[in-house]
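Protein chains in written order, with the numbering used here: chain S, 1 to 362; chain R, 1001 to 1362; chain D, 2001 to 2362; chain F, 3001 to 3362.
4 protein chains.
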Amino acid sequence: METIEKIPDKMMAAVLMGPNQVELQEVETPSPGPADVLIRVETCAVCSTDVSLIAKPFAGQPPYGDFIIGHEYAGVVVALGETVDEFKLGDRVAVEAHLGCSRCRNCRRGNYTSCLNHGNRKKGHRANGFTTNGGDAQYVINHINTVYKIPDTLSFEEAALVTNLGCVLYGFETMGGFVVGDNVAVIGPGPLGLISIQAAKALGAGRTFLVGRRDAPLQIGKANGADRVININKEDAAEVIREETDGVGADIVFESSGNQSGLDLAVKVAKRMGQILLLGFAHEPIPADFAELALNNKSIHTVRGESWANVGRAVSLLKQQKVNLRPLVTHSFPLSQIDEAYKTYTERKDGAIKVVVKPNES
Amino acid sequence: METIEKIPDKMMAAVLMGPNQVELQEVETPSPGPADVLIRVETCAVCSTDVSLIAKPFAGQPPYGDFIIGHEYAGVVVALGETVDEFKLGDRVAVEAHLGCSRCRNCRRGNYTSCLNHGNRKKGHRANGFTTNGGDAQYVINHINTVYKIPDTLSFEEAALVTNLGCVLYGFETMGGFVVGDNVAVIGPGPLGLISIQAAKALGAGRTFLVGRRDAPLQIGKANGADRVININKEDAAEVIREETDGVGADIVFESSGNQSGLDLAVKVAKRMGQILLLGFAHEPIPADFAELALNNKSIHTVRGESWANVGRAVSLLKQQKVNLRPLVTHSFPLSQIDEAYKTYTERKDGAIKVVVKPNES
Amino acid sequence: METIEKIPDKMMAAVLMGPNQVELQEVETPSPGPADVLIRVETCAVCSTDVSLIAKPFAGQPPYGDFIIGHEYAGVVVALGETVDEFKLGDRVAVEAHLGCSRCRNCRRGNYTSCLNHGNRKKGHRANGFTTNGGDAQYVINHINTVYKIPDTLSFEEAALVTNLGCVLYGFETMGGFVVGDNVAVIGPGPLGLISIQAAKALGAGRTFLVGRRDAPLQIGKANGADRVININKEDAAEVIREETDGVGADIVFESSGNQSGLDLAVKVAKRMGQILLLGFAHEPIPADFAELALNNKSIHTVRGESWANVGRAVSLLKQQKVNLRPLVTHSFPLSQIDEAYKTYTERKDGAIKVVVKPNES
Amino acid sequence: METIEKIPDKMMAAVLMGPNQVELQEVETPSPGPADVLIRVETCAVCSTDVSLIAKPFAGQPPYGDFIIGHEYAGVVVALGETVDEFKLGDRVAVEAHLGCSRCRNCRRGNYTSCLNHGNRKKGHRANGFTTNGGDAQYVINHINTVYKIPDTLSFEEAALVTNLGCVLYGFETMGGFVVGDNVAVIGPGPLGLISIQAAKALGAGRTFLVGRRDAPLQIGKANGADRVININKEDAAEVIREETDGVGADIVFESSGNQSGLDLAVKVAKRMGQILLLGFAHEPIPADFAELALNNKSIHTVRGESWANVGRAVSLLKQQKVNLRPLVTHSFPLSQIDEAYKTYTERKDGAIKVVVKPNES
């Protein structure tokens, strides 16, 4: 196996040992299969999904003691599997989490994030940071389908977040993808909401609205793609959107708050024939006004992950500097301080939006 | 104006005089505009929407005393507007309810049932039986966009129901329209559910499931397109569908029950990446398991009416004898007994499914 | 009828009197119908289609002596039809040429530029500058469906060209519309080609190639959206595109040269599964390599005009300053010098790209 | 490895030894990989593509002496690869030719028949009968992605032809797939044309036209799905189609003749906004009337193989008895008479349409 540098036999990694119990351990450095690359991880971001699965295992998650967390990461290709000529040693790369089995009905149609063999490693499914080892480690292996070359102009911090943009772009594609001049409302100014607003603008959307409760993230949105921000503690969002769209409503609504009032607002402000994308969702069933949806021919879409190779499209937008993820990366820690990284993220310390860990820095 | 026969100046019509107060009156026979035809109504069916708007007016509905009900009808063209050469006198025709304004953003893209000028007669919108006069009368005028020639082999009773099939086909088209080999589940064996099952089969669907509580309509479904009927009082529908689809679930689910358990079942049995169409809906907000939807990339679609000219496609399927609406027409009354017609329908007397009125029979 | 100013009874207009015989005449100022507006034309651009139909009438064209030419124009709304509240007096507006009949099978699905009643004024079809009077006059009437409000920041010169951008956007929409990160090649650096390159970039395309023979327009493309320009007199375009797309070819090819070598190149450089849009076309049948197309699952698309309301989307992109049409407007003449305007355009005098006429300037 | 029966070490196979030189040889029976099954071939059909590649090798074809021909076959699963639980021993199965690499840009979107690593066995691409061994042998291995279980009611003769129907269905899907009530014209009554007519009807098409020169196949079409057959030696096809579609033309045209007059007719009879699918194609560039296409917004589509898992849909239609391939299988030979089989096919002996070989019969 060709490598770029001497790969150590052992590496440091954040292993999940029990509920909310992440431990730094020295483990064996993994070795890439025929269609894999070995990546030296430069940056791995914390995602709310990480927080959830650390607290309570997801379906298909490896047992405690045998699972390295982290699915949003970027780094450098340092070894190539035997059939790989799509990448070369030294390539700076971003990744996506999902590798489908390539053999179920969904994968065969390109819907690999919705693989019907989820968690079945033997049949080929992998989801790094979910069902296979992730990026909170010095090294990680990725199948080439989940790896994307990034330009030198893109920092690893931004590149680590690219899967979020891929997810948003998959959302747009799911709903048709041609939104030039369309009015787009985004509910919830969290990371995905802030990225959605930027993506909408990058695709040529008409008027963009960002709705939330906290001024700080709304102002970041204002500076990055939102034509109009609405603090629902101060204004009636439905009324504002209605008025500023000639009474029609938003063509597309991204609901990323995941709560009842966000959903209610989404259903209400989507125009007749409008489309709603759920980027966030409540974990318990919540009521929705289906009469409003049905009488107005509105639809509700969802996205599982960043399917249809949209991480590649995301990298392109970043390369073109049409989306800027830099303002979202507010904090950085070495791997040794991963606990502090998670704490900063979950407690939104110092206005934390995205927090990253650097496994190969000390 | 060219006519086929002497058109009387006055005609009998069922006029809505107040809440749940339908009265037979002699009114002036209407006269077609430049792009209209005058239809002698042979059959007009009762729809649950009629029942609703008779009880409580819909948005855009004309005032009491000035509104003839009925939107599912068929008849014969007896007079032509001055620019009409698309039809000729004597043509047997079916209709659809919605004529868009042709000038709003939705109409311009072909989405005329979701016209943004709904109820605005001056701008061109009409919806016979909703915002303009309907078919429970001896004559009615229709813009040619809402009229479809039917073959001699098709009875007026069946033709009066064609808008239901148009609505179902619009649902299929909304979700892609290519369902050859796909597994389709239909929840709720009412008229729309029974038509959905037949339409699914006509489009080449794979295995079709019809789910309900009452054996009688389920048996009608069994005889007309359902590969498998499931009485939920006797079997676990989710379990049956799961088992008989190799554990995958239904590619497409039509939810036409409009109640909580129907919605719950729809969300549950749709496969990962599956699509749900709401043909029925609750009038109050009801809870839905959005986590199940989002984690499995499922979507919820709705249809307002029979858009995209799907009534034309519906007539074609009837002509090809791939869908048979005859078994659904269980009762027929002359216009003079319209009250009895509605009573039979709402009380499901004698296993009533669809009940029709014949305005020109006595 | 409400008007913004005193509208003169007579106006100056460029009337087509015979083959290649355009004559300035004083004619009656037209009066808007119920859903029309009267526009005072500020700028009307010359299009190659104008040149063609002046030389030899198109299907549906009014007789000599009764036809005002010009279909690319912009101006100010100065009178409103009786049902119009979508616009107000004084609105600065751009237009599109096609108004469908709203009643044929194509129009009903939103495909109004392909109206099956083309030229049938009685049934509602109009195409200003083709089958009804156009914009090389002081005033013109437009149905509101063909009128789009423009922002104050947009000059009438640019606004007059907007239908070209609408046409290109309709092309993108026809082929899916979601081209983020896709490689796009444009053959032929004429006005439509130069606009296509900009539009591709505005939609987030990946690498864009502009191919031609003349350095001057290629350099304009280079300054406005083309990542790579290829002068086929100096380089092998197929080879360059192949190399710079990792051997794959272009995802999308716009062929706007209309000649044999352009078509050959388009077929060749489209990737396997690639899409080709014909913006230009030869007037006589020309050979194409269908084996290359079929063996590689490539498709050929066309656009008739700027359908699906894409002029509205075009105005949005101009408003967002993502497309800049200013560099294309190289020459301007008063209406009295319309002959000189056409001559400048057809002879490409002084590097003429788009030439405009100003009917209300002297 | 689990097997259903004793698998012999050696088997008989038709090996391509040189141009037009097919030789029966005893070769080693192949062994399935982890995701493969071993199929005992019951029937393998002759396709015109076989005739072509036997005469002159296709790109990626194995060297003479090392290549077993045949890509249209069906049989019984007799051994399972180690990860396979999707099939069981004894399953009767049909196949498709193409297995993509699952890693190129096209494969990742589900477009595996247009794999960019065509012929690259190491990266995972296989196309049995093209780049890897085919079905004119007693046994063959297939990756499970290319295998489809068939019902007992379906004969192996019909099942061997299923890839043709899959190809036609992929064509329909490529063009939208929802053709209920649409008028469909098929040019060329060869096997693919005859199957296209049946498929059109099975999808609910409106009026179907089959165009050709020879009465015998036209009559088979007449008996199997064609509402109207047109012998162009006797009637003007363009005129007939125009008249019988109210002057509009066909919504969809399948061109399967592959010659100039077929293409000309296709371009002409497609309606404004119509779509043309090339199932056949000339091997040399031939002229096409692009002006007619462009002025009428018509498009030309192609299909490479039976992508998007349409063989699965094809099996469903056969199971539902909506398509009947039996009338197309006119001749059958044991493997030992494969030369006679090819001769019968290429010379159209005794009205031969499809000719099959039975490798395990003597």
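For each residue, glycine too, the CB sits at the ideal point set by N, CA and C.
*phenylalanine 67 of chain S - partner residues in DSSP beta bridges*: Paired residues: none, contrary to the question.
*Which word fits histidine 283 of chain S, buried or exposed, when buried means at least 16 other C-beta atoms lie within 10 angstroms of its C-beta?*
exposed
*glutamine 2275 of chain D lies in the beta strand (DSSP E); which residues open and close that run?*
2270-2278
*Taking Cβ positions, are asparagine 297 of chain S and valine 1303 of chain R nearer each other than 8 Å?*
yes
*Find the nearest neighbour of valine 46 of chain S within the set S/Gly18, S/Ala160, S/Leu38, judged by alpha-carbon distance.*
Cα-wise, what sits closest to valine 46 of chain S is S/Ala160.
*asked:* I believe alanine 94 of chain S touches proline 32 of chain S by the beta-carbon criterion, under 8 Å. Please report the beta-carbon distance rounded to the nearest angstrom.
replied: 17 Å between Cβ atoms; not a contact.
_Close Cβ partners of glycine 204 of chain S (< 8 Å) along its chain, the five nearest in sequence each way excluded_ = Excluding residues within five positions, the ones whose Cβ falls inside 8 Å are Val179, Val180, Gly181.
*Under the three-state reduction of DSSP, which class applies to valine 3303 of chain F: helix, strand or coil?*
coil
*In whole angstroms, what separates the C-alpha of histidine 3143 of chain F from that of valine 1248 of chain R?*
21 Å
*For asparagine 2145 of chain D, return the contacting residues in chain R, with the cut-off set at a CB-CB distance below 8 Å.*
For asparagine 2145 of chain D, the residues of chain R that pass the 8 Å Cβ criterion are Ser1102, Arg1103, Arg1108, in the order they occur in the chain.
*Taking any Cβ of chain F, which residues in the region 2258-2272 of chain D have a Cβ under 7 Å from it, in chain order?*
Arg2272
*asked:* Quick check: leucine 1210 of chain R and isoleucine 1195 of chain R, are their CB atoms within less than 8 Å of each other?
replied: No; because the gap between Cβ atoms is not below 8 Å, this pair is not in contact.
*Could you tell me whether the Cβ atoms of leucine 1279 of chain R and isoleucine 1141 of chain R are closer together than 8 Å?*
no
_Reduced DSSP secondary structure (H/G/I, E/B, other) of arginine 1313 of chain R_ = helix
*Evaluate proline 3008 of chain F with the Cβ neighbour count: other Cβ atoms within 10 Å of its Cβ, from every protein chain shown; 16 or more gives buried, anything less gives exposed.*
exposed
_Partner residues on chain R for threonine 2083 of chain D, Cβ-Cβ distance less than 7 Å_ = By Cβ distance, chain R contributes Lys1122, Lys1123.
*Is it right to say glutamine 321 of chain S is buried, meaning 16 or more other beta carbons lie within 10 angstroms of its own, or is it exposed?*
exposed
*Using the rule of at least 16 other Cβ atoms within 10 Å of the residue's Cβ for burial, across every protein chain shown, is lysine 2088 of chain D buried or exposed?*
exposed
*Mind pulling the chain R residues with CB within less than 9 Å of asparagine 419 of chain S?*
Since the displayed chain S opens at 1 and closes at 362, residue 419 of chain S lies outside it and no answer follows.
*Would you check if the distance between the CB atom of asparagine 310 of chain S and the CB atom of glycine 135 of chain S is smaller than 8 Å?*
no
*asked:* Once DSSP output is grouped into helix, strand and coil, what is the label at glycine 1100 of chain R?
replied: Reduced to three states, the DSSP call for glycine 1100 of chain R is coil.
*By the 10 Å Cβ neighbour count, where 16 or more other Cβ atoms means buried, how is serine 1261 of chain R classified, buried or exposed?*
With fewer than 16 Cβ atoms within 10 Å of its Cβ, serine 1261 of chain R is classed as exposed.
*Going along chain F, which residues have a C-beta under 7 Å from alanine 200 of chain S?*
The premise fails here: alanine 200 of chain S is roughly 23 Å from chain F at the closest Cβ pair, so nothing lies under 7 Å.
*Mind checking if glycine 204 of chain S is an interface residue toward chain D, Cβ cutoff 8 Å exclusive?*
yes
*Inspect the beta-carbon positions of leucine 3335 of chain F and leucine 3024 of chain F and report whether they are closer than 8 Å.*
yes
*Buried or exposed by the 16-neighbour rule on C-beta atoms within 10 Å, applied to lysine 3234 of chain F*: exposed
*When the Cα atoms are used, what is the spatial distance from aspartate 2215 of chain D to arginine 1313 of chain R?*
Annotation: aspartate 2215 of chain D to arginine 1313 of chain R spans about 53 Å, alpha carbon to alpha carbon.
*asked:* Beta carbons nearer than 9 Å to chain S: which residues of the region 1283-1295 of chain R have them?
replied: Residues of the region 1283-1295 of chain R with a C-beta less than 9 Å from any C-beta of chain S: His1283, Glu1284, Pro1285, Ile1286, Pro1287, Ala1288, Asp1289, Phe1290, Ala1291, Glu1292, Leu1293, Ala1294, Leu1295, listed in chain order.
_Three or more C-beta pairs below 8 Å linking the region 287-295 of chain S and the region 147-155 of chain S_ = no
*Do glycine 3060 of chain F and phenylalanine 3130 of chain F have their C-beta atoms within less than 8 Å of each other?*
yes
*Using three-state DSSP, classify serine 2362 of chain D as helix, strand or coil.*
coil
*Report the rounded CA-to-CA distance for serine 3316 of chain F versus asparagine 1231 of chain R, giving the unit in angstroms.*
26 Å
*asked:* Strictly under 8 Å for the Cβ-Cβ distance: is valine 248 of chain S near chain R by that measure?
replied: yes
*Do you know how far the Cα of glutamate 243 of chain S is from the Cα of glutamate 1340 of chain R?*
47 Å
*asked:* Which same chain residues end up closer than 8 Å to serine 2102 of chain D when comparing Cβ atoms and leaving out the 5 residues on each side of it in sequence?
replied: Arg2108, Tyr2112, Gly2124
*What does valine 46 of chain S pair with, by DSSP beta-bridge criteria?*
For valine 46 of chain S, which the question treats as bridged, DSSP gives no partner whatsoever.
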